[in-house]
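A.B. asks: The numbering used here applies: residue 161 is where the sequence shown begins, and numbers increase by one.
Beta carbons are placed, not taken as given, at the ideal position from N, Cα and C, and that holds for glycine.
Starting off with a structure, shown below.
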Amino acid sequence: TNIMTVWCFQKLLELFKTVNQVALEETCKRVGMTPDVVERIRDIQSKMCVHFTVEGVIEQYEGYQKLPMLDLERYTLEERNRIADVLQADGLSVEDYAVD
161 TNIMTVWCFQ
171 KLLELFKTVN
181 QVALEETCKR
191 VGMTPDVVER
201 IRDIQSKMCV
211 HFTVEGVIEQ
221 YEGYQKLPML
231 DLERYTLEER
241 NRIADVLQAD
251 GLSVEDYAVD
């Protein structure tokens, strides 16, 4: 999703450079896109990054591949459907595990 977000922001900023300025200002006003919002988009777009594993696979987030795998086989189908609740009851979180 980070790749797509950066791409969308990049295309939006390119569009700002090519569209008729009057039409751009009218559209921005209509959708509530203030200069502060545009500046925030520039800031976010410039700081976002995508993390890859050593195998070249995009990580869910930095460090995701270092998490232990959640062994879903040890849970019943019913438990798997509500795994967050099951883990929380054991004092754990889905954020503590990777899922394959």
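#1: Look up residue 229 in the DSSP assignment and say whether it is helix, strand or coil.
#2: Is the number of C-beta pairs between the segment 210 to 224 and the segment 246 to 256 that are closer than 8 Å three or more?
#3: For residue 229 and residue 217, what's the separation of their Cα atoms in angstroms?
#4: Might you give, ordered along the chain, the residues of its own chain that have their beta carbon closer than 6 Å to the beta carbon of residue 189, omitting 5 neighbours on each side?
#5: By alpha-carbon positions, which one of 232, 238 and 241 ends up nearest to residue 260?
C.D. replies: In short, the structure shows the following:
#1: Counted from its first residue, the sequence shown places residue 229 at position 69. It is a strand residue.
#2: When Cβ pairs closer than 8 Å are counted between the two stretches, the segment 210 to 224 is seen not to touch the segment 246 to 256, the count staying below three.
#3: The count along the sequence shown starts at 1 and reaches residue 229 at position 69. The count along the sequence shown starts at 1 and reaches residue 217 at position 57. About 16 Å.
#4: Position 29 of the sequence shown, counted from the start, is the residue given in the question as residue 189. Cβ neighbours of residue 189 beyond the five flanking positions: none.
#5: Position 100 of the sequence shown, counted from the first residue, corresponds to residue 260. Per the Cα distances, 232.
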